[in-house]
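Undergrad: Numbering (full-length UniProt numbering), first residue to last: 1 to 303. Built from N, CA and C at the ideal position, the CB exists for glycine as well.
#1: Which term fits residue 94, buried or exposed, when burial requires 16 or more other beta carbons within 10 angstroms of its beta carbon?
#2: According to DSSP, simplified to helix, strand and coil, what is residue 282?
#3: Let's test the definition: count the other Cβ atoms within 10 Å of the Cβ of residue 169 and tell me whether it reaches 16, buried, or not, exposed.
#4: To the nearest angstrom, how far is the alpha carbon of residue 137 from that of residue 143?
#5: Helix or strand or just coil, what does DSSP make of residue 264?
#6: What number of angstroms, rounded off, separates the C-alpha of residue 15 from the C-alpha of residue 253?
#7: Exposed or buried, which one is residue 17 when buried takes at least 16 other CB atoms within 10 Å?
#8: Sort out for me which residues DSSP pairs residue 159 with in a bridge.
#9: Between the alpha carbons of residue 185 and residue 149, how many angstroms are there, rounded?
#10: Is residue 166 helix, strand or coil by DSSP?
#11: With a threshold of 7 angstroms on Cβ separation, who are the neighbours of residue 36 within its own chain once the five nearest residues in sequence on each side are excluded?
#12: Is residue 100 buried or exposed, if buried means 16 or more other CB atoms sit within 10 Å of its CB?
#13: Give me the residue from 289, 162 and 296 with the minimum Cα distance to residue 121.
#14: Check the DSSP bridge columns for residue 76 and list the partner residues they point to.
#15: For residue 171 versus residue 127, is the C-beta spacing smaller than 7 angstroms?
#16: Taking 8 angstroms as the cut-off, does the region 253-272 touch the region 194-213 (at least 3 CB pairs, one atom from each stretch)?
#17: Here's the rule I'm using: 16 or more other beta-carbon atoms within 10 Å means buried, otherwise exposed. How should residue 87 be labelled?
#18: Going by CA-CA distance only, name the one from 125, 85, 219 and 70 that's closest to residue 304.
#19: In this structure, how does DSSP classify residue 55 when only helix, strand and coil are distinguished?
#20: Relative to the C-alpha of residue 156, which residue among 140, 163, 72 and 55 is closest?
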């Protein structure tokens, strides 16, 4: 029993240790935790005495994690995060559970969020916690149950359910188009091209679809569709954007298509569920609901 107690430090001491490790300052940690600097220092001292190891290297100006402290800090952050998630789930949902879902920023904001009230109405006993992620990540490390992913269905140790394919089209602002002579797809190669960092080969694929050679010059790069759409509307160049994500701008005339055929992307949108979450009831409820919503969209099914 004594050994077990030694291996289970006080939660207040762990919170103090995590705060100092993250902020690199006893003073900042004390301010965040609403404690005195002395109280934080005593909590750290108790941990070091309990384990018989120095967790921080201190001098007159700085405090740094020791080698042992760095290893322990990573484990403590993960453990405290799991405790917070468990407490949130216990307080917010006592029946079916919680769904921790990763979404793509623009897809989540423009397509998914307007539909979420319907899921909430149909499944009031499920609480969804949203996280924004671009690209692959470790589900277990991030403590996420599922993800909406754009790419290929090759996520390791996970099931990938096809949601929808994607049609992209070159668009510009009407003011930009009015000052350029753009009559054919070949004319686009002479214009400034706006690139998505997550889809570096998109423009090459589009020019190939048009039977043209892609230009080799540099162009502005952006990390998110929302930013590149704003840049396009500001007249900075031509962007290759998914039709589903710019429907509003097209309807309002803020963006207009250029000559050239739209292209179906080689990548698509998938719901990705790690194998150990396949039986999680909130995941199954969300997957069935999401596929039902997509089945109601003829335009999406036509892709």
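TA: Taking the definition as stated:
#1: At residue 94, the pLDDT of 47 sits below 50, so the modelled position is not reliable; the number obtained from the coordinates is stated separately. Residue 94 counts as exposed, since fewer than 16 other C-beta atoms from the protein chains shown sit within 10 angstroms of its C-beta.
#2: helix
#3: buried
#4: 10 angstroms
#5: DSSP places residue 264 in strand when its eight states are reduced to three.
#6: 53 angstroms
#7: By the 10 Å Cβ count, residue 17 comes out buried.
#8: 273
#9: Distance between the alpha carbons of residue 185 and residue 149 is about 30 angstroms.
#10: For residue 166, the secondary structure class from DSSP, reduced to helix, strand or coil, is strand.
#11: 30
#12: buried
#13: 289
#14: DSSP lists no partner for residue 76.
#15: no
#16: In short, these stretches touch, since the Cβ pair count reaches three.
#17: exposed
#18: No information on residue 304 is available, as it lies outside the stretch 1 to 303 that the chain covers here.
#19: coil
#20: 140
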